[in-house]
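S.K.:
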Amino acid sequence: MFAIIQTGGKQFRVQNGDVIYIEKLNAQEGDTVDFEVLVYEDGAGEISVGAPTVEGVKAQGKVLGHGRGEKILILKYKSKKNYRRRQGHRQPFTKVEIMAIG
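In terms of numbering that gives the first Met the number 0, the sequence shown opens at residue 0 and continues consecutively.
#1: Around the C-beta of residue 60, are 16 or more other C-beta atoms found within 10 angstroms, so that it is buried, or is it exposed?
#2: Between the Cα of residue 17 and those of 63, 35 and 56, spot the shortest distance and give me the residue it belongs to.
#3: Can you say whether residue 36 is buried or exposed, counting buried as having 16 or more other CB atoms within 10 angstroms of its CB?
#4: Hey, would you say residue 162 sits closer than 7 Å to residue 89, going by beta carbons?
#5: Check the DSSP bridge columns for residue 52 and list the partner residues they point to.
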């Protein structure tokens, strides 16, 4: 059984017990969150495709924590003009465990 959910502008293929890293949510650690399901497969080979979501099916997840990703360096440079800029960025994320789909 699997489902495809959408959150933070990205789509994820999830199953029960999966741990995913998604865009940061405004939820406390230990809270449960529900995700709309775009595609649902029930384990018997039946696939339901939503328009845009599958009616009556939700994926429930538990927030395990929040964090920040790896540092990404952004460099700007213009030759012969003595122009150099360096900036760093760490994207915040939320770690979620999928508890139930259905």
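The beta-carbon is built from N, C-alpha and C at its ideal position, and this holds for glycine as well. Source: prediction; values computed, not measured.
M.R.: Walking through what the data contain:
#1: buried
#2: 63
#3: buried
#4: Residue 162 lies beyond the range of the chain shown here (0 to 101); nothing can be said about it.
#5: Answer by DSSP bridge pairing: none, since residue 52 is not bridged.
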